[in-house]
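Single-structure report; data block below.
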């Protein structure tokens with residue numbers, strides 16, 4: 018069958034993108050994703066073959082005994098096996114690599130048996146694919162279906178469940194001669210599987226196929242066995258990515274790499290043992306290291322380091338930390354979860370210059386430690402930050418809050434950060450964000466983050482009174498804020514709201530409210546303030562022109578939020594009672610009339626969210642009923658008859 022060579026643009030834009038998109042969503046729809054022009058078949062034949070392959074794949078998936086609790090995971094990860102079953106040229110053959118996958122010091126406990134049943138006839142469409150397309154298929158499948166060890170897979174299955182074969186994408190090398198040649202000639206994929214299996218023969222075979230490509234070693238949890246650690250230690254000079262997280266077995270990786278030079282190392286993630294804390298290590302020389310995460314004081318000579326994380330380093334002193342940071346002048350991301358205490362003698366230390374820093378994450382036990390370190394660092398005013406509350410403290414004093422805010426005044430006043438958000442994190446603690454409207458920040462610091470896609474500062478006061486942190490912040494950023502978003506509850510002190518939170522925000526033109534934050538409505542009305550000189554009328558947010566209201570609560574998660582601790586939530590039936598916030602919008606028309614009479618009318622009112630109550634509310638997160646009476650809508654339209662009123666509810 019003749020091959021039809023596609024144009025480069027069709028190959029790059031249509032085929033590869035479709036392959037990666039389908040693989041990323043756990044869907045393997047080959048060959049529907051490939052352009053029909055790649056085959057010398059009519060459109061009718063192409064469609065018929067596609068339907069046949071889909072039916073065969075679905076049939077085999079239905080007759081496979083998948084673990085009930087892991088059904089979705091296994092279906093999405095079974096790309097190689099569905100592809101193999103549907104597209105192979107002949108009967109299945111025993112893979113010669115499989116006998117090598119037993120424990121290194123034991124004979125195979127049983128012969129590998131293949132599935133029974135008739136196999137598909139040779140598939141002509143798998144014989145005419147271009148090698149470049151096959152290689153992209155390999156990479157797409159490898160992202161979803163990495164090789165596994167039989168022991169790790171079987172540990173999570175019961176005796177009645179059939180473990181999934183451990184080869185992953187390697188099984189595609191037995192589809193045909195062409196598929197095998199392409200698979201064997203993809204050394205970058207083999208370099209990721211060097212330490213997957215414990216057999217010497219399997220390791221040697223995979224290393225030969227990896228050729229000169231740097232290795233990726235991931236020894237995490239169940240994979241961090243003594244045997245694999247010993248093997249990885251033997252070829253450290255070939256490792257580009259090393260990750261170790263222990264579960265049962267302790268391997269002193271810090272001692273193994275201390276004083277060594279690893280020219281190919283690009284990323285390092287090590288979890289130390291208890292014995293490593295008292296050892297003084299020699300510097301690790303890694304000129305090409307770009308990403309590093311450590312929980313111990315390991316000296317590094319890494320002039321090109323870009324991402325650094327110190328995850329709990331109790332033995333590191335404040336001067337030592339400054340000395341370490343001073344050598345990494347190219348950092349773009351810095352994370353420190355345990356800032357050491359500065360005893361005051363380091364005030365004369367030279368400042369540490371980090372001119373390229375774009376994101377900073379501190380989560381110490383006290384804001385004082387964070388502020389002390391921030392005062393010793395010199396970085397751009399555009400640097401984004403997450404300043405969280407570490408373990409051991411539930412609240413901070415007002416002086417500590419003021420000390421922290423004073424250390425980041427320049428960053429808070431950055432011109433692009435004109436939005437103030439007060440939102441809950443997944444644990445229902447309030448977070449304060451000052452950010453650019455088109456580059457949202459996550460509401461908690463543990464999530465992976467694109468340092469080039471965020472612009473702002475997130476402060477997590479935890480149990481600290483909201484006004485103790487908001488007072489110092491609004492005093493600094495008040496003139497720069499034009500958009501205010503409030504999505505938290507406990508806003509029932511009208512006087513403090515008007516004088517502490519809203520009074521400095523005189524340039525806010527847009528306000529976003531949800532059912533949780535309905536307590537702010539009384540503070541939006543003109544308030545008479547009494548003083549020794551007399552009483553005066555105070556207007557909160559005098560420049561407000563647009564109000565966007567969600568009668569219930571935003572059903573979407575906050576920026577960067579995940580459904581963490583959701584199994585502790587209390588879901589109750591909504592009976593549309595005032596106790597759960599039903600009818601809170603009834604208080605909005607009088608507020609709008611009072612503002613209009615005081616000379617500050619609203620120009621645009623938008624109602625968003627659900628069209629009606631869903632019948633249930635999350636009591637743990639203080640969700641409110643989303644039902645709005647028709648009489649309330651009529652009153653709102655009457656208040657906005659000279660302005661814009663938009664009801665965008667779905």
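Residue numbers (our numbering): 18 to 667.
A virtual CB, placed ideally from N, CA and C, is assigned to each residue, including glycine.
Listed as beta-bridge partners of residue 286 by DSSP are 260 and 310. Spatial neighbours of residue 502 in its own chain (CB-CB distance under 6 Å, excluding positions within 5 residues in sequence) are listed in chain order as 438 and 529. Contact between residue 296 and residue 310 does not hold, since their C-beta atoms are separated by about 19 Å, which reaches or exceeds 8 Å.
Within the DSSP bridge table, the entry for residue 246 names no partner. Per DSSP, residue 448 is not a residue of any alpha helix (DSSP H); the beta strand (DSSP E) it occupies stretches across 447-452. Unbroken beta strand (DSSP E) runs of no fewer than 3 residues, entirely contained in the region 196-248, are found at 232-237, following chain order.
DSSP places residue 664 in the uninterrupted beta strand (DSSP E) bounded by 661-664. Shown here for residue 322: same chain residues with a beta carbon closer than 7 Å to its own, the five before and five after excluded, namely 306, 307, 309, 345, 347 and 348 in chain order. If you compare the alpha carbons of 207, 272 and 556 with that of residue 231, the shortest gap goes to 207.
For residue 350, there is no enclosing alpha helix (DSSP H); the residue is part of the beta strand (DSSP E) that begins and ends at 350-353. Excluding sequence positions up to five before and after residue 201, its CB lies within less than 8 Å of the CB of 190 and 226, all in the same chain and listed in chain order. Within 10 angstroms of the beta-carbon of residue 459 lie 16 or more other beta-carbons, which makes it buried. Remark: three or more beta-carbon pairs, one from each stretch, lie closer than 8 Å, so the region 530-538 and the region 562-572 are flagged as touching.
When the Cα atoms are used, residue 436 and residue 209 turn out to be separated by approximately 44 Å.
Excluding its 5 nearest sequence neighbours in each direction, residue 526 has C-beta neighbours in its own chain below 7 Å: 499, 560, 561, 562 and 563, listed in chain order. Between residue 199 and residue 148, the gap from beta carbon to beta carbon is short of 8 Å.
Non-local C-beta neighbours of residue 324 in its own chain, meaning closer than 6 Å and more than five positions away in sequence, comprise 308 and 350, ordered along the chain. In summary, residue 378 is buried, with 16 or more beta-carbon neighbours lying within 10 Å of its beta-carbon over all protein chains present.
Residue nearest to residue 470 within the set 401, 483, 537 and 418 is 401 (criterion: CA-CA distance).
Our two residues, residue 304 and residue 332, have alpha carbons roughly 26 Å apart in a direct line. At a Cβ-Cβ threshold of 8 Å, residue 481 and residue 418 count as neighbours. Ranked by Cα distance from residue 286, the first of 277, 258, 299 and 279 is 258. Residues of the same chain with a CB within less than 6 Å of the CB of residue 652, apart from the 5 flanking positions on each side, are 606 in chain order. Just so you know, the alpha carbons of residue 380 and residue 546 end up roughly 39 Å apart. Boundaries of the beta strand (DSSP E) harbouring residue 551: 551-555, taken from the DSSP string. Between the alpha carbons of residue 542 and residue 614 lies a distance of about 10 Å.
In this chain, residue 396 is not harboured by any beta strand (DSSP E), its DSSP state being neither H nor E.
Within the same chain, 544 and 546 come within 6 Å of residue 555 by CB-CB distance, once the 5 residues on both sides are set aside.
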